[in-house]
Amino acid sequence: MKPFDLILSGGHVLDGSGAAPVQADVGIHGDTISAIGPLKNQSALCRIDARGDYVAPGFIDTHSHSDAYILIEPSAASKIHQGVTTEITGQCGASAAPLLGDYKMPSDWRSMTYPGAWSTLEEYKLLLAERRPAVNIATLTGHNTLRAGVMGYAPRPSTPDEQNAMTGLLRNCLRQGSRGLSTGLLYPPGKHAQLEEVVALTRVVAAADGVYATHMRSEGDQLIEALTETLEIARQSKVRLQISHLKTSGAANWPLLEQAVALILRARREGLRVMADRYPYTAACTDLDVLLPDWVFAEGPIQELQWLRDPAARTRIREETLAMRSENYWSSVHIGSTWHPDQLAFKGKPLTEVASFLGMHPVDAALLLIERDELKTGGIFFGMSEENMWRILALPFVMIGSDASLRAPAGPLSHDHPHPRAYGTFAKFLRASLDGQTVSLPEAVRKMTALPAQQFNLPRRGLIKEGFFADLTVFSAQATDTATYEKPHSPATGFKAVLVNGQITLKDDRLTGEAAGCFLS
Ligand SMILES: [Zn+2]
């Protein structure tokens, strides 16, 4: 027999199925796992001693926003360092392709310079291949991307012609390798879509056996209504459903979890294919302007900036925001990324601290930062229950998704102030499992490997099995996240090796420079 290219020897193999670990060697030829068992007497070009460590399938980030940044930083450092070998992008209604019409990519993507241009998914794939990513990328197509491409940010339901244009574009994307559709029904312009529009689009996804992932219309006050709508969409179109970052936002809504879980379980008993994802943190992270009244951003970013710069409109925004938010609310908001030179020192700081430094009310501080930054200021919002978070993470149909784009501790993606989940999600969940704080280790690994591979239909991935791709993560019992809200650009540690398609991409917590990822169509 041809010598193995690589043998991982003597590790505790967690195969991804949820089965207990078994001590075994894993032999690899090329990009494929070719043998599991005692391989001590076999020859190999390279061996990694995994005794005392765990060997698992590479982790699958089910909810990634790396679409655009992977073109800038193909090393995917923040993800590889925590054992992630595949990212599912195109989430929350926003994908990098197709770039059509009036569509504006999310502000954090827009503020970067790219090594090439693209419009269609085909062109994006070519550019991605040229950049040689270290991780595998599979993508959904964003509903907001399609809708703004077809009808701009018009705050109204779509016409039948516009719906046809969207379904036509979606069919094209699916042919070009998209895995399905995502919506962000909280954001413009998707928030103006009615049930029929989403059903029409998800029927196209169902016909292609794709996935429909949704950032629902509400995750707080209207959670139950939003979930009911979501399940109705799945019922009508028979689409495979992924509820994105399942949560109960705002302390008053924490008791809604019971009812939400009951609704999901009932739908699953009916035969609907409903799954969800979640990150192991209690703060959300998005643009700071979400704390403003809906109408401010309902017509897209250009109009929003005009409102903020119009004194009369700004006064109205200020009054309505104050009326909407309790005095306690302001202490739950921290500033995330910011780009204007006069406010760089505010990154990661509590909004109330920034406000007292500026000598103004928090609402005025927020308005100032948002306007000066041309809407690019990020916000970190502490509004979730820790108890609910652990309950959600333990549900057998919930997998792990970071809800973050990749970053790197050096280079162009090291200057912002992300949520620590960008560097820590998978390592933090592993740590919790190793500490007995959540599900068992085999179950934790299943949630990060086989379960997502099945849901997103990624053939020959997610398990350690002969004939499967050699996407593998070797970690010690000391594996842990290190990123914090104060110091987020901090990679996970305790990872002995990460293999992507058979290539050693990380060794002893250091990137090797290998770049063997590919686009998974
Ligand atoms: Zn989202």
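The numbering used here puts the sequence shown at residues -15 to 505. All residues carry an ideal CB built from backbone N, CA and C; glycine is no exception.
Among Val182, Ala463, Cys269, nearest to Asp92 - alpha-carbon criterion: Taking the first residue of the sequence shown as position 1, residue 92 is located at position 108. Asp92 has its Cα closest to that of Cys269, out of Val182, Ala463, Cys269.
Delimiting residues of the beta strand (DSSP E) encompassing Gln487: Against the sequence shown, residue 487 aligns to sequence position 503. Residues 487 to 491.
N-terminal and C-terminal residue of the beta strand (DSSP E) that Asn543 is part of: No answer is possible for residue 543: it lies beyond the span of the chain, which begins at -15 and ends at 505.
For Lys480, the first and last residue of its enclosing beta strand (DSSP E): Working through the sequence shown from its first residue, we reach residue 480 at position 496. 477 to 484 is the extent of the beta strand (DSSP E) around Lys480.
DSSP beta-bridge partners of Leu495: Against the sequence shown, residue 495 aligns to sequence position 511. Leu490, per the DSSP bridge assignment.
Proximity test, Cys157 beta-carbon vs ligand 1 heavy atom, cut-off 6 Å: Against the sequence shown, residue 157 aligns to sequence position 173. No.
Contacting residues, own chain, Cβ-Cβ under 6 Å from Arg31 (five flanking each side not counted): The residue you call residue 31 lines up with position 47 of the sequence shown. Here the set comprises Ile(-9), Ser(-7).
Sequence-distant residues of the same chain with beta carbon closer than 6 Å to Leu83, five excluded per side: Working through the sequence shown from its first residue, we reach residue 83 at position 99. The answer, listed in chain order, is Ser103.
By C-beta, the residues closer than 7 Å to any heavy atom of ligand 1, given in chain order: Gln75, Cys76, Gly168, His199, Ser228, His229, Asp387
Pro41: first and last residue of the uninterrupted beta strand (DSSP E) it sits in: The sequence position of residue 41 within the sequence shown is 57, counting from 1. From DSSP, the beta strand (DSSP E) with Pro41 extends over 38 to 41.
Candidates Ile376, Ala190, Ile301, Asp9, of which the one nearest Ala246 by Cα: Residue mapping note: residue 246 aligns to position 262 of the sequence shown, counting from 1. When each option's Cα is compared against that of Ala246, the closest is Ile376.
Stretch-stretch touch, CB-based, cutoff 8 Å, three pairs: the stretch 433 to 448 with the stretch 493 to 503: no
Assigned secondary structure, His324 (DSSP; H/G/I helix, E/B strand, else coil): Mapped onto the sequence shown, residue 324 falls at position 340. Three-state result, His324: coil.
Counted within 10 angstroms of its Cβ, other Cβ atoms place Leu328 as buried (16 or more) or exposed: Your numbering for residue 328 matches position 344 in the sequence shown. Exposed, because fewer than 16 other Cβ atoms sit within 10 Å of the Cβ of Leu328.
Opposing strand residues paired with His13 [DSSP bridges]: The residue labelled residue 13 in the question sits at position 29 within the sequence shown. BP columns for His13 point to Thr16.
DSSP state of Asp465 mapped onto helix, strand, coil: For the purposes of this step, residue 465 is taken as the residue at position 481 of the sequence shown. Three-state DSSP puts Asp465 in coil, outside helix and strand.
Rounded separation between Ile248 and Gly67 - CA only: One-based indexing of the sequence shown puts residue 248 at position 264. One-based indexing of the sequence shown puts residue 67 at position 83. The straight-line gap from Cα to Cα measures roughly 30 Å.
Span of the beta strand (DSSP E), counted from its first residue to its last, around Cys269: Stepping through the sequence shown from its first residue, residue 269 is reached at position 285. First-last of the beta strand (DSSP E) with Cys269: 267 to 271.
Beta-carbon proximity of Ala260 to Ile227, cut-off 7 Å: Mapped onto the sequence shown, residue 260 falls at position 276. Mapped onto the sequence shown, residue 227 falls at position 243. Against a cut-off of 7 Å, the Cβ pair of Ile227 and Ala260 comes out as a contact.
Enclosing alpha helix (DSSP H) for Phe341 [first to last residue]: Along the sequence shown, read from residue 1 onward, the residue named residue 341 stands at position 357. First-last of the alpha helix (DSSP H) with Phe341: 335 to 342.
Ile227 (DSSP reduced to helix, strand or coil): For the purposes of this step, residue 227 is identified with residue 243 of the sequence shown, where counting begins at 1. Correct three-state label for Ile227: strand.
Nearest-angstrom Cα separation, counted from Thr129 out to Asp51: As a position in the sequence shown, residue 51 is number 67, starting the count at 1. As a position in the sequence shown, residue 129 is number 145, starting the count at 1. Cα-Cα distance, rounded: 13 Å.
Own chain, CB closer than 7 Å to Ala454, minus 5 neighbours either side, in chain order: On the sequence shown, position 470 is the one that residue 454 refers to. The answer, listed in chain order, is Ile12, Asp15, Thr16, Ile17, Leu483, Asn485, Gly486.
C-beta contact flag for Arg163 and Leu124 at 7 Å: Within the sequence shown, numbered from 1, the residue matching residue 163 stands at position 179. Within the sequence shown, numbered from 1, the residue matching residue 124 stands at position 140. In this structure, Leu124 lies closer than 7 Å to Arg163 by Cβ.
Proximal residues to Ala192 (C-beta, below 6 Å), its chain only, five neighbours per side dropped: In the sequence shown, residue 192 corresponds to position 208, counting from 1. The residues are Leu158.
DSSP state of Met383 mapped onto helix, strand, coil: Along the sequence shown, read from residue 1 onward, the residue named residue 383 stands at position 399. The answer is strand: DSSP assigns Met383 an E or B state.
Buried or exposed (CB count within 10 angstroms, at least 16 for buried), Thr361: Locating residue 361 in the sequence shown gives position 377, counting from the first residue. Its Cβ being crowded by 16 or more others within 10 Å, Thr361 is buried.
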